[in-house]
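Enquirer: Residue numbers (the working numbering): 904 to 990.
Let me give you the structure first, and then I'll get to my questions.
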Amino acid sequence: MNLPPFLYGLSELLGLPAALLLAEHCGGVPLYVPKKLDASHRLAKLIGLEAARKLSAVYPGQTITIALHATGDHAQHGAKRRQRIRE
Numbered sequence: 904m905n906l907p908p909f910l911y912g913l914s915e916l917l918g919l920p921a922a923l924l925l926a927e928h929c930g931g932v933p934l935y936v937p938k939k940l941d942a943s944h945r946l947a948k949l950i951g952l953e954a955a956r957k958l959s960a961v962y963p964g965q966t967i968t969i970a971l972h973a974t975g976d977h978a979q980h981g982a983k984r985r986q987r988i989r990e
């Protein structure tokens with residue numbers, strides 16, 4: 904799989920499954936990463952507490968934007984979406 908650079912970096916930090924979950928659920932929109940979080944935080948519920956804490960350690964109090972599509976191929980995704988709409 905050919906990942907966009909930022910998502911590749913996240914996969915190295917968090918593991919590929921967690922990075923892909925972030926792209927799927929939070930891709931394309933600014934995501935605030937708190938300085939501290941616990942198991943009840945939505946990021947911890949989405950990717951697991953350990954991965955969320957790793958993200959928080961690297962991006963404390965920052966807003967990040969994750970690639971909208973894991974492959975970075977927006978044109979192909981748009982064509983598929985338009986086809987589904989036509990169907």
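No residue lacks a Cβ here, since even glycine has one placed at the ideal position from N, Cα and C.
1) Please report the residue range of the alpha helix (DSSP H) in which PRO908 lies.
2) Check this for me: beta carbons of ILE950 and LEU910, under 8 Å apart or not?
3) Quick one: what does DSSP say VAL961 is sitting in, helix, strand or coil?
4) For SER959, count the other beta carbons within 10 Å of its own beta carbon; 16 or more makes it buried, fewer makes it exposed. Which is it?
5) Going by other Cβ atoms of all chains shown within 10 Å of its Cβ, with 16 needed for buried, is ALA926 buried or exposed?
6) Under three-state DSSP, which class holds LEU971?
Expert: According to the structure data:
1) 908-917
2) no
3) helix
4) buried
5) buried
6) coil
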